[in-house]
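Student:
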Amino acid sequence: MTFTLNDDQRMLKDTARDFFREQAPVTRLRKQRDERKNGRDPDLWREIAGLGLAGVIIPEEFGGVGLGYVALGAVLEESGRTLVASPLHSSALAGASALLLAGTDAQKQEWLPKIASGEVIATVAVDEGAHHAPAKSKLKFEGGKLTGEKKYVADGHIADLIIVAGADALYLVKADAAGVKRRELVTADSRGAADIAFEGAAAEKMNGGADVIDAILDRARIGLAAEMVGSASEAFEITSEYLKTRRQFGQVIGGFQALQHRAAKLFTDLELTRSCVLAALDALDRNANNVAEYASLAKARASETVHLASNEMVQLHGGIGMTDVHDAGLYLKRARATEALYGGASFHRDRYATLLGF
Amino acid sequence: MTQDLEAFRTETRAWLEANCPPSMRTPMTGEDDAVWGGRNYEFKNPEGKLWLERMAARGWTAPTWPAEYGGGGLSADENRVLQSELKKIGARPPLFSFGLWMLGPVLLEYANEEQKKEHLPKIVRGEIRWCQGYSEPGAGSDLAGLQTKCEDKGDHWLINGQKVWTSYANYADWCFCLVRTDTSVKHEGISFVLIDMTSKGVETRPIKLISGSSPFCETFFTDVNVPKHQMVGRLNGGWEIAKRLLQYERTNISGFGSNTRVDVVDLAKKHVGVEDGALEDRDLRARIAAHKMTERAYALSVQRATEEAKAGGNVSHMASMFKVAGATLNQDRCELMVEAAGNRALGWSGEGFSPDDIATTRGWLRSKGNSIEGGTTEINLNVVAKRVLGLRDTQ
């Protein structure tokens, strides 16, 4: 197991960081929101893909750079820092993983190069109710037609390709196929999503059953946890800086022990969670046999940490943290969205206990 | 390089196979199984003595210390191999020792050649058992407020004062001790001396804890003469050494004294009951799962810090973070064990409760000290806030 990046991974992370800081700081999300784009920013996505970031886990034979999950995790962490609104997670990680693990040769040939180039945006549709419950899917597939309903599909409103998870099978559906009814959702995190009804939509069955679905979901969970650690880290650092500059009672408020201890506890929590996420990404690249454990560990802890970090960001900023002009609210809203996606802390604690045999 | 390591692994495995006695490959059943060494130590198990002697002869009680001071002279990579091979056969630590964990590392850094040659080999071999003279009745969290007086009497130091929370002082042969050599300043008036506990005027008195055990003592120094060469570092330069030693201490003691022979999950399965493979008490189950995650997160973080230290990162300041997290983790584990065992964990002594039950109860009580000893959680959070996060009291 390793926690440190190799040269290729380090270089990719630096590239991503520089690009996001310069081209997609939080002000870009704010602008998208104010212009009611609901997560649509094709120019940004083109640039991200142009840097090769949409094909990080896709092998070179399919047009990607084949650097693996640790590398993509590092990129996602950087994107989480500035709340980059792009289908990086949905398409470059979840969608690409689904095709890599469950795609037929023909499906891989057709879609992976387009995902790697950013030309096609893919997403994975899982949840059918208010909560993450992949095993309870009521999806039906008969005669090549898919019937059922998916809720709050991340980037579902801008996706070209929807990989739909049933209880024990996966299906590939083109977003513009007849029988695909999308209702765009305007979401609190300004990223947008879609409820999607499949009313006899033409679909291709993919390979694999429930275990492959689990493996794909685990990749999505770990990748999202990396993004969440990025957001939590940035929220913490912004807050920590504020404690060093905001003055009350004739001194900086970071001098007050009550606040020092809260900051120190949050930092400790963040570092413990970071270790879990790095270990989980590494487990994917190593093909470890306990990826499921790592995925639930990483996603549960990342959910708890980003929850705490975003709440503390608002509280420790005081009144300014409640205003729309400050970024705290943006971190808070994105935090809750990522917590819920692919299962929150409660879902993954339950799963972890089951995996550990109690 | 890698080939050398593989050769080292093969060699080590064969040596351990031949030299680790059978009973030393079984899990420890309690604190009584720990071998502490020292002049007056009575081995409860002759194989414990054999295991210590064999490991010490190779310097493997202190694998990374230089061979010239009795250590194993292993590189960090070789030590990792050794530790993994030890773990593989379930070998018990050959020696528990404050000398190994705390004093040795600072002697290597701060002591003169003569002091290193005198003390380090005896630590490696478990011949001398050390105790820590830090806290005083009036100097707990504010350790630098210590008052134990050390006067220059020309050819020797004269020491008068009282220490408290001196772990196992009643069994110790020597004490590493913080003393006041200048009363006009605070931190800059502290020195670090080594005191033979058989010196005239040294007296120890055990303190009974809420757990019923007495791992700590009050230690009194009355007109104790200490030879001049037993001061480590320069006169009034002890605080730097004291702080460095605390870093080693904090990475080693956060989980001391609790019942580790029973896993909380097994305990819960036994006493709470299982339905469809899951603990019947779903609320307790969720909290145990969260705890198990924290435990894993902590272990991974220690592993990460070790790797980053090896890569040249400065992680010494992280000791306080680990102390806080480790203490909380252990206390949570003990609380969950008591909750899981129900009234079975409310016994104190006698035949009505199993030794495991009583160990759970007493370990839980003992664990309350984890967030106090070696710097309270509050003091360590101060350290993290100031040194790691750069939050200053006044700016």
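Residue numbers (the numbering used here), protein chains in the order written: chain A, 1 to 358; chain B, 1001 to 1395. C-beta: ideal position from N, C-alpha, C; glycine also. Since this is a predicted model, take the numbers as computed values, not measurements.
May I have the straight-line CA-CA distance separating B/G1291 from B/V1185, to the nearest angstrom?
Tutor: Translated into positions along the second sequence, residue 1291 of chain B becomes position 291. Translated into positions along the second sequence, residue 1185 of chain B becomes position 185. The question names Gly, but residue 1291 of chain B is His in the sequence shown. Computed Cα separation, rounded: 45 Å.
Student: Run down chain A in chain order and give the residues with a C-beta less than 8 Å from the C-beta of B/Y1298.
Tutor: In the second sequence, counting from the first residue as 1, residue 1298 of chain B sits at position 298. Neighbours of B/Y1298 on chain A, chain order: L272.
Student: Which same chain residues, not among the five before or five after A/G52, have their C-beta less than 6 Å away from its C-beta?
Tutor: The residue you call residue 52 of chain A lines up with position 52 of the first sequence. The residues are V65.
Student: If we cut at 8 Å on Cβ distances, does B/M1321 have a partner in chain A?
Tutor: Taking the second sequence and counting its residues from 1, the one referred to as residue 1321 of chain B is at position 321. Yes - at least one Cβ of chain A is within 8 Å of the one on B/M1321.
Student: For the segment 1278-1294 of chain B, which residues have a CB atom closer than 8 Å to at least one CB atom of chain A, in sequence order?
Tutor: A1278, L1279, R1285, A1286, I1288, A1289, A1290, K1292, M1293, T1294
Student: Under a CB-based cut-off of 8 Å, is B/D1393 close to chain A?
Tutor: Mapped onto the second sequence, residue 1393 of chain B falls at position 393. So, interface residue.
Student: Give a yes or no on contact between the segment 1154-1173 of chain B and the segment 1197-1206 of chain B, applying the rule of three or more CB pairs nearer than 8 Å.
Tutor: yes
Student: If contacts are defined as beta-carbon pairs under 8 Å, then B/T1064 and B/L1052 qualify, I think. What distance do you get, rounded to the angstrom?
Tutor: In the second sequence, residue 1064 of chain B corresponds to position 64, counting from 1. In the second sequence, residue 1052 of chain B corresponds to position 52, counting from 1. In fact, because the Cβ distance is near 18 Å, the residues do not count as touching under 8 Å.
Student: Assuming B/A1018 contacts B/F1096 under a Cβ cut-off of 8 Å, what Cβ separation, rounded to an integer in Å, is found between them?
Tutor: Walking along the second sequence from the start, residue 1018 of chain B turns up at place 18. Walking along the second sequence from the start, residue 1096 of chain B turns up at place 96. Contact between B/A1018 and B/F1096 does not hold, since their C-beta atoms are separated by about 24 Å, which reaches or exceeds 8 Å.
Student: Can you check whether the CB of A/G73 is closer than 8 Å to the CB of A/E116?
Tutor: Sequence index remark: in the first sequence, residue 116 of chain A carries index 116 (1-based). Sequence index remark: in the first sequence, residue 73 of chain A carries index 73 (1-based). In the sequence under discussion, the amino acid at residue 116 of chain A is Ala, which differs from the Glu named in the question. No, the pair does not count as a contact, with Cβ atoms beyond the cut-off.
Student: Can you list, in chain order, the residues of its chain whose CB lies under 7 Å from that of B/A1309, leaving out five sequence neighbours each side?
Tutor: As a first step, residue 1309 of chain B is located in the second sequence; it is residue number 309 there, counting from the start. Here the set comprises V1315.
Student: By the three-class DSSP mapping on this structure, what secondary structure does A/H326 have?
Tutor: The count along the first sequence starts at 1 and reaches residue 326 of chain A at position 326. Three-state DSSP puts A/H326 in coil, outside helix and strand.
Student: Hey, how far is the Cα of B/P1227 from the Cα of B/L1107?
Tutor: Working through the second sequence from its first residue, we reach residue 1227 of chain B at position 227. Working through the second sequence from its first residue, we reach residue 1107 of chain B at position 107. Taking the straight line from one Cα to the other gives about 17 Å.
Student: Spatial neighbours of A/D218 within its chain, please: C-beta separation below 7 Å, excluding the five flanking residues on both sides.
Tutor: Along the first sequence, read from residue 1 onward, the residue named residue 218 of chain A stands at position 218. Excluding positions up to five away in sequence, the list reads V291, A292, A295.
Student: If contact is defined by three or more beta carbon pairs under 8 Å, each pair taking one atom from either stretch, is the segment 145-163 of chain A in contact with the segment 109-124 of chain A?
Tutor: Enough Cβ pairs lie closer than 8 Å, so yes.
Student: Below 9 Å on C-beta distance, what does B/V1388 contact in chain A?
Tutor: If you number the second sequence from 1, residue 1388 of chain B lands on position 388. Simply A264, F267.
Student: Answer with buried or exposed for A/E339, where buried requires no fewer than 16 other C-beta atoms within 10 angstroms of its C-beta.
Tutor: Residue mapping note: residue 339 of chain A aligns to position 339 of the first sequence, counting from 1. By the 10 Å Cβ count, A/E339 comes out buried.
Student: So is B/S1301 in contact with chain A if we call contact Cβ pairs under 8 Å?
Tutor: Stepping through the second sequence from its first residue, residue 1301 of chain B is reached at position 301. Chain A contact via Cβ: present.
Student: State the Cα-Cα distance for the pair A/G230 and A/L100, rounded to the nearest angstrom.
Tutor: Walking along the first sequence from the start, residue 230 of chain A turns up at place 230. Walking along the first sequence from the start, residue 100 of chain A turns up at place 100. Taking the straight line from one Cα to the other gives about 26 Å.
Student: Check whether the segment 1082-1093 of chain B and the segment 1125-1134 of chain B touch, using three or more Cβ-Cβ pairs below 8 Å as the test.
Tutor: no
Student: Could you tell me which chain A residues have their CB closer than 8 Å to the CB of B/L1005, listed as they occur along the chain?
Tutor: In the second sequence, the residue the question calls residue 1005 of chain B occupies position 5. Within 8 Å Cβ-Cβ: nothing; B/L1005 doesn't reach chain A, min ~16 Å.
Student: Can you pull the chain A residues whose beta carbon is under 9 Å from the beta carbon of B/A1242, in chain order?
Tutor: In the second sequence, counting from the first residue as 1, residue 1242 of chain B sits at position 242. Within 9 Å Cβ-Cβ: nothing; B/A1242 doesn't reach chain A, min ~22 Å.
Student: On the premise that A/S79 lies in contact with A/A133, defined as a C-beta separation below 8 Å, what is that separation, rounded to the nearest angstrom?
Tutor: As a first step, residue 133 of chain A must be located in the first sequence, where it is residue number 133. As a first step, residue 79 of chain A must be located in the first sequence, where it is residue number 79. No, A/A133 and A/S79 are not in contact; Cβ-Cβ is about 27 Å, not under 8 Å.
Student: Run through chain B and tell me which residues come within less than 7 Å of A/S275, C-beta to C-beta.
Tutor: The residue given as residue 275 of chain A occupies position 275 in the first sequence. What A/S275 touches in chain B, judged by beta-carbon distance under 7 Å, is A1297, L1300, S1301, R1304, going in chain order.
Student: What residues match up with B/Q1162 in a beta bridge as DSSP calls it?
Tutor: By one-based count along the second sequence, residue 1162 of chain B stands at place 162. DSSP, once it has assigned bridges, lists B/F1220 as partnering B/Q1162.
Student: What residues in the segment 206-239 of chain A have a beta carbon less than 7 Å from any beta carbon of chain B?
Tutor: Flagged: no residues at all.
Student: I'd like to know if the segment 1323-1332 of chain B and the segment 1385-1394 of chain B are in contact, where contact means that at least 3 CB-CB pairs between them fall below 8 Å.
Tutor: Result no; under three Cβ-Cβ pairs closer than 8 Å.
Student: Could you name the residues of the same chain whose beta carbon sits closer than 6 Å to that of A/A203, not counting the 5 residues immediately before and after it, in chain order?
Tutor: One-based indexing of the first sequence puts residue 203 of chain A at position 203. Closer than 6 Å at the Cβ level, and outside the excluded window around A/A203, lie L146, Y171, V173.
Student: What would DSSP say about B/M1028, mapped onto helix, strand or coil?
Tutor: Working through the second sequence from its first residue, we reach residue 1028 of chain B at position 28. Coil.
Student: Quick check on the DSSP output: the beta strand (DSSP E) that includes A/L266 runs from which residue to which?
Tutor: Residue 266 of chain A sits at position 266 when you count from the first residue of the first sequence. Not the beta strand (DSSP E): A/L266 falls in the alpha helix (DSSP H), residues 257-285.
Student: In the DSSP assignment, what residue or residues form a beta bridge with A/F236?
Tutor: Sequence index remark: in the first sequence, residue 236 of chain A carries index 236 (1-based). The partner list for A/F236 (beta bridge, DSSP) is empty, contrary to what the question assumes.
Student: In its own chain, which residues sit with a C-beta less than 8 Å from the C-beta of B/R1287, not counting the 5 before and 5 after it?
Tutor: Locating residue 1287 of chain B in the second sequence gives position 287, counting from the first residue. Cβ within range, chain order: L1336.
Student: Taking 7 Å as the cut-off, is the C-beta of A/F19 nearer than that to any heavy atom in the ligand COA?
Tutor: Among the components of this structure there are no ligands whatsoever, and the ligand COA is therefore not found.
Student: Anyone know if the C-beta pair for A/S260 and B/N1382 falls short of 8 Å?
Tutor: Along the first sequence, one-based indexing puts residue 260 of chain A at 260. Along the second sequence, one-based indexing puts residue 1382 of chain B at 382. The sequence given here places Gln at residue 260 of chain A; Ser does not occur at that position. Yes, Cβ-Cβ distance for A/Q260 and B/N1382 is below 8 Å.
Student: Do you know how far the Cα of B/R1058 is from the Cα of B/L1050?
Tutor: The residue given as residue 1050 of chain B occupies position 50 in the second sequence. The residue given as residue 1058 of chain B occupies position 58 in the second sequence. Each residue's alpha carbon lies about 13 Å from the other.
Student: If you reduce the DSSP assignment to three classes, tell me which class A/H157 lands in.
Tutor: Counting from one through the first sequence, the residue named residue 157 of chain A turns up at place 157. Correct three-state label for A/H157: coil.
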